[in-house]
Every structure is written in structure tokens, then in C-alpha cells.
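Let me begin by presenting the structure, written as C-alpha cells, before commenting on it.
Numbering (the numbering used here), first residue to last: 1 to 288.
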């Protein structure tokens, strides 16, 4: 017979944490293909039910094996990760795969895992709004691809207008300031023009498909600059052919710097916790 605790609701303190996270990243906004929410429900019920218990919440962008080891070493009580782990469907959970080892280590150490991903992308004042505000005083900010007609202010990517034009060098500087990066990649219009930038589009993570959808629905309105983490070679060329600049930060470098912002917002809703950010979590790509 299964332990009776598995038939009970989680402790109220844990439910309040989930509610706080979901207020910041509502699950209803997730893309259909995404795997978000409470992925591993393996908390220590006794510990979470103690009256004096103050949970330690661990934030990361990618829950890799090394990051999982860090979480265990820091004796955290819950992981809130941006990218889901596990992400894709799988048939077995074994020690022979890195995903299996991460999942087993979290279960063994009674550390539940919650993922936000596209919920945080699509929500108003979320990750993409933070990213587009790398640029000064952006106005008329809208999603590149609204979720639906009833929710025009929610969706993937963001596009907006600048009250005063900036140069591409200015834009690069603003992106570096927001993300803390020393280097980004840049692609200029094929005609070599250094035209002023008045309209910008952004998408945290991988923006190729989001920008394609936007362009197909708005063929006469090409932003002067597209900012994202990564895009394919041909997608970059297509935008350059259309007279636009492109800035690439690498995938998770457009996401991870948002964690301190998320931390402060989470503490505002759930103050009876210690919230720490991974010190190991980093983009796998670097300048050699």
C-alpha cells in the first residue's frame, strides 16, 4: 500500500509557495508544447509542516547535474528553475542519463522542482518586458505574438518603439548593461547601412520562430533591431536582408540575468523564505 501522505494535500506552506510562483508566472500562459509547473512533488512533508521552518528556495535557469549538486550542497528545500527539467517526454528514469540522474538526485534528497519557462515569457511585466526595457523609454510595448484576441497584452516576444532613435552601438551598450555581458554577437543590414533604430523586437531564448510569425503577420512593419539569445544562420540573414540589425546574446544569457528580478518579486509575495540564486548555472557557450 502506498504511504498515506501521498493521498494528502501538500503542507500549506508549500502550497503558498506554489501560489506565489504561479502569480508571477501563471501556468495558463504556457505554450502548448511546454512542460511547466510542479514537475517533481517530492518534498519532505514533516519538514515543511514544522512551525519554525523557513524554506530555502533555489533559483536557476538550467537544472544541470552540476547545478543539482549545488542545490543539494546548499541544503535547499525547493528548486524553481526557468527551463524545465525534465523537458521532453521520457520512458525511464535511470542513472544512465543526465536527466535521470538529476531527477533521482532531487527525489532522493526530497527537493521538489518547479519550472516557469514560457509562463514567465508570456506574462505581462515578465521576462520579455524586462528584456525590451534594456532600451530607454520604450513605448507601445506589445507581444510579438499575442496568445489570443482576448489577451492582446500577453504572449511571446515583445515589440516597441523608442521616443528617440539610437545607434546600433548604443543598442549593444544597453544590452550589455542589462545582461552584464562583455560580448554579444551582432549582424547588420546587408546594405551596410547604419540607420537609426526606432523600433525594436525582442524574444528571450530562441527568437527565430517568434520573429518569423511576427513578420508574416506584419509584413509592412519590420523593426529596426531584433534582440534574442539565438537564431539560425538563415533566420539572421533573412532579417538582415529586410534591413534589420540583429543582436544575439546566446540562449540563456538573455534569460538568466532576470533571476535577481524574479527573486525580489518572489520574496515580495513569499517573504517567509530564503531565496538563493545558483552560482554555478551558466550558459554552456563562451568566447574562447
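For each residue, glycine too, the CB sits at the ideal point set by N, CA and C.
Among the options, nearest to residue i - alpha-carbon criterion
i           : options            : result
residue 135 : 148, 121, 201, 79  : 201
residue 248 : 14, 198, 205, 16   : 205
residue 242 : 195, 153, 87       : 195
residue 245 : 237, 252, 124      : 237
residue 270 : 281, 16, 12, 9     : 16
residue 56  : 73, 93, 64, 66     : 73
residue 346 : 103, 210, 220, 191 : This structure cannot speak to residue 346, because the chain is shown only from 1 to 288.
residue 285 : 268, 185, 208, 222 : 185
residue 29  : 227, 220, 88, 122  : 122
residue 235 : 215, 160, 208, 32  : 208
residue 233 : 215, 187, 99, 124  : 187
residue 137 : 124, 149, 160      : 160
Sequence-distant residues of its chain with Cβ nearer than 8 Å to residue i (five each side left out)
i           : result
residue 158 : 128, 129, 131, 132, 141, 142, 143, 144, 201, 202, 203
residue 9   : 15
residue 84  : 34, 35, 36, 39, 115, 117
residue 75  : 56
residue 225 : 168, 171, 197, 199, 200, 201, 244, 245, 246, 247
residue 54  : 272, 273, 274
7 Å CB neighbourhood of residue i in its chain, flanking five on each side removed
i           : result
residue 14  : 43, 48
residue 252 : 61, 62, 229, 283
residue 180 : 257
residue 68  : 102, 105, 106
residue 261 : 130
N-terminal and C-terminal residue of the beta strand (DSSP E) that residue i is part of
i           : result
residue 58  : 56 to 60
residue 199 : 197 to 206
residue 187 : 185 to 187
residue 255 : Element bounds for residue 255: n/a, residue is neither H nor E.
residue 274 : 274 to 277
residue 246 : 245 to 248
Residue i beta carbon near the ligand GDP (any heavy atom closer than 6 Å)
i          : result
residue 30 : In terms of ligand content, the structure shown is empty, and the ligand GDP therefore cannot be addressed.
Start and end residues, alpha helix (DSSP H) containing residue i
i           : result
residue 262 : 259 to 269
residue 108 : 98 to 108
residue 81  : Segment 78 to 81 is the beta strand (DSSP E) holding residue 81; no alpha helix (DSSP H) there.
residue 73  : 65 to 73
residue 32  : Run containing residue 32: none; DSSP gives neither H nor E here.
residue 179 : 168 to 179
residue 94  : It is not in any alpha helix (DSSP H) - residue 94 carries neither H nor E in the DSSP assignment.
residue 363 : Because the chain here runs from 1 to 288, residue 363 falls outside it and cannot be looked at.
Whole-angstrom C-beta distance between residue j and residue i, which should lie under 8 Å
i           : j           : result
residue 86  : residue 120 : About 18 Å separates the two Cβ atoms, so there is no contact after all.
residue 116 : residue 20  : Contact flag wrong, Cβ pair sits at about 12 Å.
residue 154 : residue 162 : In fact, because the Cβ distance is near 23 Å, the residues do not count as touching under 8 Å.
residue 280 : residue 70  : 5 Å
residue 65  : residue 11  : 28 Å between Cβ atoms; not a contact.
residue 227 : residue 175 : 6 Å
Close Cβ partners of residue i (< 6 Å) along its chain, the five nearest in sequence each way excluded
i           : result
residue 189 : 240, 243
residue 287 : 183
residue 81  : 60, 63, 115
residue 106 : 40, 113
residue 213 : 145
Proximity test, Cβ basis, 7 Å: residue i and chain D
i           : result
residue 210 : Judged by its chain identifiers, the structure shown contains no chain D, having just a single protein chain.
Which full runs of the beta strand (DSSP E) of 3+ residues lie inside the region 115 to 164, going along the chain? 139 to 142, 145 to 148, 151 to 156
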